[in-house]
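Only one structure is covered here, and it is reproduced in the block below.
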Amino acid sequence: MKVTVERAQLLKSLGHVHRVVERRNTIPILGNVLVRAENARLSLRATDLDLEVTETLAAETATAGSTTVPAHMFYDIVRKLPDGSQIVLESDGERAVLAIRAGRSKFTLQTLPESDFPDLAAGEMTHAFGVPAKDIKSLIDRTQFAISTEETRYYLNGIYLHAGGSAKQPTLRAVATDGHRLAQVDLPQPAGAAEMPGVIVPRKTVGEVQRLIEDNDSEIKIELSQGKIRFTLGQVVLTSKLIDGTFPDYGRVIPQNNDKELVVDKADFAAAVDRVSTISSERGRAVKLALSAGKLMLSVTNPDSGSATEELEVEYAADALDIGFNSRYLLDIAAQIEGEVAVLRLADPGSPTLIQDRDNRNALYVLMPMRV
Numbered sequence: 026m027k028v029t030v031e032r033a034q035l036l037k038s039l040g041h042v043h044r045v046v047e048r049r050n051t052i053p054i055l056g057n058v059l060v061r062a063e064n065a066r067l068s069l070r071a072t073d074l075d076l077e078v079t080e081t082l083a084a085e086t087a088t089a090g091s092t093t094v095p096a097h098m099f100y101d102i103v104r105k106l107p108d109g110s111q112i113v114l115e116s117d118g119e120r121a122v123l124a125i126r127a128g129r130s131k132f133t134l135q136t137l138p139e140s141d142f143p144d145l146a147a148g149e150m151t152h153a154f155g156v157p158a159k160d161i162k163s164l165i166d167r168t169q170f171a172i173s174t175e176e177t178r179y180y181l182n183g184i185y186l187h188a189g190g191s192a193k194q195p196t197l198r199a200v201a202t203d204g205h206r207l208a209q210v211d212l213p214q215p216a217g218a219a220e221m222p223g224v225i226v227p228r229k230t231v232g233e234v235q236r237l238i239e240d241n242d243s244e245i246k247i248e249l250s251q252g253k254i255r256f257t258l259g260q261v262v263l264t265s266k267l268i269d270g271t272f273p274d275y276g277r278v279i280p281q282n283n284d285k286e287l288v289v290d291k292a293d294f295a296a297a298v299d300r301v302s303t304i305s306s307e308r309g310r311a312v313k314l315a316l317s318a319g320k321l322m323l324s325v326t327n328p329d330s331g332s333a334t335e336e337l338e339v340e341y342a343a344d345a346l347d348i349g350f351n352s353r354y355l356l357d358i359a360a361q362i363e364g365e366v367a368v369l370r371l372a373d374p375g376s377p378t379l380i381q382d383r384d385n386r387n388a389l390y391v392l393m394p395m396r397v
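The sequence shown begins at 26 in the working numbering and counts up by one.
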């Protein structure tokens, strides 16, 4: 194999694929990136057996061929080479090394045969549809924070992507929950998504897709089957296994009859919660909301350090109510509300609260209260 490629292009592509490779690997081949040159193209592929990223870039191919080299070391070498340089990659097939040359610099890296490299992309995808990149980014941004990190309930370690809504307004819906809070966001349903199976996309995959979206005006092609999902963004193809489990019936958690409505200025509310929670303990993080007509009193008491209170003028006309929440969770949800006004629908101190953007109802958040 002998191929010449522009440094900036190679660095960008390696930046996308090398992130998938775990730093510590018990299987040596999984620490490597597959490099293949053919037909004036260079393709790079990396995998951790659950997730695979492939990217193709333009190159001058003198001799076609392929090999695998340590991913993180290859990335670091390219990163440190001079900007604007042309990089020549060469292997003769007889010695298990890849030579990397740029200007006066030359490196040789130990290689492993391509035949050892696993292929995750095999298998037929049964459903396919396209979604604007900015919509997928929004979907992930607004639900990702609620993904559970608790490994025992592995079926909550991702985003549940499925067809939702009603016959009149069908949607592509993303839901994430960790048992304390729930995020649900809807997009208008793209053509081809109506018959899709409900799938749980793992947390790592969700994070990689989010990082790969660099052009909000592009479209992402999504293909899926019962066991895998594939995202195609321009020259990058990300294939991932899905979480094999059943996502809980989240509809039962969403309160329908919360009759007490609190309307707040989102920015003022978030700032006040942030200020009073300075006092809270790292473990507790509880903030108490005392509601009365037109008034909200936020308070935090920490036996070890002191107390804090702040009063806000709000729209509230129901019976007085005291309820406590984890301040970190409140701030996470406030950060997802895109408009200026948030609506909280409450029932009693022990029941979940529903939080929405007043002017945009395509997202809803549910938060379990805390004892304060």
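Just so it is clear, CB atoms sit at the ideal spot from N, CA and C, and this is done for glycine as well.
- The stretch 317 to 326 and the stretch 354 to 369 do not touch, with fewer than three beta-carbon pairs separated by less than 8 angstroms.
- Inter-residue distance for Lys162 and Pro215 is about 15 angstroms (C-alpha atoms, whole angstroms).
- Between the C-alpha atoms of Glu286 and Leu164 there is a straight-line separation of about 26 angstroms.
- When C-alpha distances from Arg61 are compared across Asp73, Leu186, Leu114, the shortest belongs to Leu114.
- Between Pro95 and Asn57, the gap from beta carbon to beta carbon is short of 8 angstroms.
- In this structure, the beta-carbon distance from Leu59 to Arg70 falls below 8 angstroms.
- Proximity of the stretch 197 to 214 to the stretch 232 to 239 falls short of the contact definition, fewer than three beta-carbon pairs being nearer than 8 angstroms.
- Leu267 places its beta carbon 8 angstroms or farther from that of Val200.
- Three or more Cβ pairs closer than 8 angstroms define a contact, and the stretch 276 to 290 falls short of that threshold against the stretch 168 to 183.
- Rounded to the nearest whole angstrom, the C-alpha separation of Ile348 and Ala315 is 7 angstroms.
- A residue is called buried when at least 16 other Cβ atoms come within 10 angstroms of its Cβ; Lys253 meets this threshold and is buried.
- Of Gly148, Phe154, Pro213, the smallest CA-CA separation from Glu248 is found for Phe154.
- Residue nearest to Val368 within the set Leu123, Arg383, Leu134, Pro394 is Arg383 (criterion: CA-CA distance).
- Taking each of Ser110, Thr257, Arg120 in turn and checking the Cα distance to Arg129, the smallest one comes out for Ser110.
- The beta-bridge partner set that DSSP reports for Ser130 consists of Ala127.
- In this structure, the beta-carbon distance from Asp293 to Leu356 does not fall below 8 angstroms.
- Cβ atoms of Val301 and Val325 come within 8 angstroms of each other, at about 5 angstroms.
- Per DSSP, the continuous beta strand (DSSP E) segment holding Phe154 begins and ends at 152 to 157.
- Just so you know, the alpha carbons of Leu55 and Phe99 end up roughly 14 angstroms apart.
- If you ignore the 5 residues before and after Gln251, its C-beta comes within less than 7 angstroms of the C-beta of Pro222, all in its own chain and listed in chain order.
- Ile225 carries a strand assignment under DSSP once its states are collapsed to helix, strand and coil.
- When the beta-carbon positions are compared, Ser173 and Pro280 stay at least 8 angstroms from each other.
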